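Chains as they are written, first to last, in our numbering: chain B, 1 to 563; chain X, 564 to 1126.
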């Protein structure tokens, strides 16, 4: 079959973007080729707002036929956190047919080389980017994110993370040259000369196990890292968040076919309700790489049981913000209020424990007692979410009943400083929308420790009274070491405290944001510059994205002969 | 304490070498800063042959006091495969004292940064290089290698592999800049600006578990990769091969102290006979990285049980050479004869199974039957080892009684094409020196399969009759997939067969040497150019040396704040 997309075309079109990405991960300065503003779309083949919405609506109630081999059934059942039934059905795979079919195209994909794989991946990302408005609705109606967040985090930010992984994968593969001439002097005798050829070879089939809250953002790094290093990729979405990844698989298969490769290099593994195919797939001998985002329990299970695979996990953690002193009290409060409210705290990076000295903190306005700080923060969150329309735009919907139950139970854990409030969503009356709860706890009380030392995923924060800054740092260390952390924040004007917090983060391996008071939040990271997680504490065994994330997804085979 | 070695001095002295190493791993052309010839030593502070021998002799019967904390006893008991008792005793550590002491210096070592760590490692390697003659005797009298091999493989080649690991570790750490300014445009509003600081942080304490046959060559990559990435390193040598690694630890501690660092960043864990401390150490929470070379059984145990650590293993494999056709029959025979004889086949890279079509092979001298090929190879080995002095120089001594027992049992597995011969060593009358045995087996016979499909470590090769080249390639694939392989060799003049063997090696992930007839042997790899193992088949989960070998030994912690 003649390829519709030639290597020449793809390289000409995408190599400049790849080069910019390579430069960005080296300097870690700001860069993104994917516009964040909804109005930036609609030209050069991309869908504008109306066309994206129409494309999404056209998907509802239909069958997404990906043309996959071994399809033995059609499955679906997603219900949006906003209340609507998506009604989309997806191919259910006979794994014994699908997995061998996925391996058939691997040789050609391997032989295409690192650059061709990279530009094919960039073409996939380009087409996803063109459909960002459509993806935004798909992410919104599976994750419960508000539209703007679903648009940005599920669209350009996710595409950035995918491109970042492609860049790392590419540069890692070309660190070894394709060919080398090796000539060793032998004194007066003729030198010994060898010709060597080096080929990056894939591990096998990679499995991406998607999550409910960030199907694309958390799914793309592993998907593109594995594909760009020559592996076939099987995508097993979360049963409540199939559509965004199914559309991704659809685009990938289209591009692969047009570029002359086997579309089965990327496939979807949707499952029946309660089928639990992740365990079955994860231990298949064909599966050699697994990327997983989700609960600690299943992440630990994968690490212990999927021994035939390289396993990259992002699990639960307990994120801490230490509040010791500030020279911008209002800025601190509003920054924290936003962090606690965004997507109803349903981010793996949302702060949970706010450690505040029981004797209060210093501010540029004078001292504030523990109670005052908590009350002021509660007021700040209340103000931020006082307007229902704005609240809906920030909070999105509660993603599933477990989160709602956890939120309701949290009020019983201690004194409630800010009660959760129900917000009506006029557009989607069945959406469950809740403002965050803030509960006062005491680090000295064992019952309270039991509460705040576990992840309480959702719009729940604990204002934990601590004896001193030193105690707070010690608690921070314990929390990271025992529970892991995706993020750490700190507010302090004291050099000594700043130094102590930094040292704790360096030793316990956690990413630290210091004194954020403006438009950057502790729970947000930017591709090409910020690392998401560290890979060095219990919350995750990998960081997005670094050399370690890609280096072991392929191996290099050398063939040498006399020159 | 004022450092005797300043950063300036170390960088001035070693940065050019580091840069050359970085260039070499990029081009993979021939390069080494460590001379292979014994006569190259004796100037610029290095020990010449006599001084090296005297230094080694001075060690015998003495106590090697490394000044380690927590030393509760002195242990030893090495007996050279050449028959002499070394009589050296080493500190036995109370691990509960030693491990915490090893962590005390980690902060300063981390804060020194990647370049300083690299040049300190290069100073360690330089001092080891200066003592190459001394190390050669230490390696010879623990591994049983002949002097010249102990000198080269245990000296410059091991130092090359250590330096290669330092180069990979350095470049991996500096892929992320120390600092970044991140400025994100906000349309008409002021841009958001952050200052970010990135710090490579170590995993913790790394454990190197040494092997009997190549204590330095197999030990240095992990040791230097871990140290250069900021980890403390505890070296647990094989009880029969303590001295070369103990001397290495001694040098490392000296250099660290002189450079102003805590010498306890590198320490030795020698053990009492039968103590089996590797299991205890490997599962200690402080141990976060393990490098291991040895049996598959213990390697598998480590991978399954040392779950708190990154585990890099080189285990057993079954190496195959496919003999299908050649245009240099004599060159092939002499090349193979050398490969089978070197160090009595006690290399993880020595070919074991020679697959030869039962209908014979094509050569430039006309066809040769299976029986003729095997007889000619036997004759070639016999000729190579016909002179006892030359045989002693090539074979070295049998490293331990297990290898001797295996060699003796091998003769009972099939028709013996070449019997093993006992060789007297006039200098060391108690040395056990044996020539290799070649046994004829048949791929079609189940009993024979059971014999050749397991590693028979030592001077044992099987001439396996196969039905065809296609069958040989299929058997090669099965062998790599099920048993692993550190090396694969092939002799063929057929493009079709060459292509099939290459494809088997690419798909099963094994390093291939094609048609070697000169002075390079399938069992030898050169640092900076050849990969040792692939990390992609059961023989080893890592290759020496690549990005994957170093990338996960450290993590990067980011501290960001508003600019």
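Think of the CB as a built atom: it goes at the ideal place given N, C-alpha and C, for glycine as much as any other residue.
Remember, it's a predicted structure, so these values are computed and weren't measured experimentally.
Counting C-beta atoms within 10 angstroms of its own C-beta, residue 1104(X) has 16 or more neighbours from the protein chains shown and is therefore classed as buried. With fewer than 16 neighbouring CB atoms inside 10 Å of its own CB, residue 571(X) falls in the exposed class. In the displayed model, residue 179(B) falls within a strand according to three-state DSSP.
Not a single CB atom of chain B sits nearer than 8 angstroms to the CB of residue 836(X).
Pairing residue 1102(X) with residue 1096(X) gives a Cβ-Cβ distance under 8 angstroms. In the three-state DSSP reduction, residue 432(B) falls in the coil class, being neither helix nor strand. Residue range 189-202 is occupied by the beta strand (DSSP E) that includes residue 195(B), with no alpha helix (DSSP H) assigned at that position. Residue 455(B) and residue 253(B) have their alpha carbons spaced roughly 38 angstroms apart. For a Cβ distance threshold of 9 angstroms, residue set 591, 1092 and 1093 of chain X lies close to residue 196(B), ordered along the chain. Contact annotation: the region 716-728 of chain X does not touch the region 627-644 of chain X, with fewer than three C-beta pairs closer than 8 angstroms. Membership of residue 135(B) in the alpha helix (DSSP H) is indicated by the continuous run 132-143.
Not a single CB atom of chain X sits nearer than 8 angstroms to the CB of residue 377(B). The C-alpha of residue 241(B) lies about 21 angstroms from the C-alpha of residue 544(B).
Around the beta carbon of residue 631(X), 16 or more other beta carbons lie within 10 angstroms, which makes this residue buried. Around the beta-carbon of residue 126(B), 16 or more other beta-carbon atoms lie within 10 Å, marking it buried. DSSP places residue 257(B) in the helix class (H, G or I) of the three-state scheme.
For residue 537(B), the three-state secondary structure derived from DSSP is strand. Scanning the region 975-1052 of chain X for uninterrupted beta strand (DSSP E) segments of 3 residues or longer gives 978-981, 1000-1005 and 1023-1029, listed from N- to C-terminal end.
With fewer than 16 neighbouring CB atoms inside 10 Å of its own CB, residue 749(X) falls in the exposed class. Shortest Cα-Cα distance from residue 170(B) to any of 101(B), 15(B) and 391(B) involves 15(B). Annotation: residue 943(X) to residue 563(B) spans about 24 angstroms, alpha carbon to alpha carbon.
Between the beta-carbon of residue 768(X) and that of residue 509(B) there is about 15 angstroms, and that puts the pair past the 8 angstroms contact cut. With a contact defined as Cβ atoms closer than 8 angstroms, residue 957(X) and residue 899(X) miss out at about 14 angstroms.
Restricting attention to 800(X), 792(X) and 839(X), the CA atom closest to the CA of residue 852(X) is found in 792(X).
Residues of chain B whose Cβ lies closer than 8 angstroms to the Cβ of residue 785(X) do not exist, since the nearest Cβ in that chain is about 16 angstroms away.
Taking CB atoms only, residue 177(B) has a neighbour in chain X less than 8 angstroms away. Residues of the region 507-518 of chain B that bring their beta carbon within less than 8 angstroms of a beta carbon in chain X comprise 507, 509, 510, 511, 512, 513, 514, 515, 516, 517 and 518, in sequence order.
The beta carbon of residue 87(B) sits closer than 6 angstroms to those of 60 and 61, all from its chain and outside the five residues before and after it, given in chain order. In this structure, DSSP gives residue 492(B) a state outside helix and strand, which the three-state scheme calls coil. Taking a cut-off of 8 angstroms on C-beta distances, the region 505-519 of chain B touches the region 750-764 of chain X, as three or more cross pairs fall below it. For the pair residue 741(X) and residue 762(X), the Cα-to-Cα distance works out to about 6 angstroms.
The Cβ-Cβ distance between residue 923(X) and residue 966(X) does not fall below 8 angstroms. Cβ proximity to chain X below 8 angstroms picks out 502, 503, 505, 506, 507, 509 and 510 from the region 482-510 of chain B. Between residue 937(X) and residue 1035(X), the C-beta gap is not smaller than 8 angstroms, which leaves the two residues out of contact. Inter-residue distance for residue 573(X) and residue 21(B) is about 35 angstroms (C-alpha atoms, whole angstroms). For residue 1097(X), the chain B residues whose C-beta falls within less than 9 angstroms of its own C-beta are 201, 555, 556, 557 and 558, listed in chain order.
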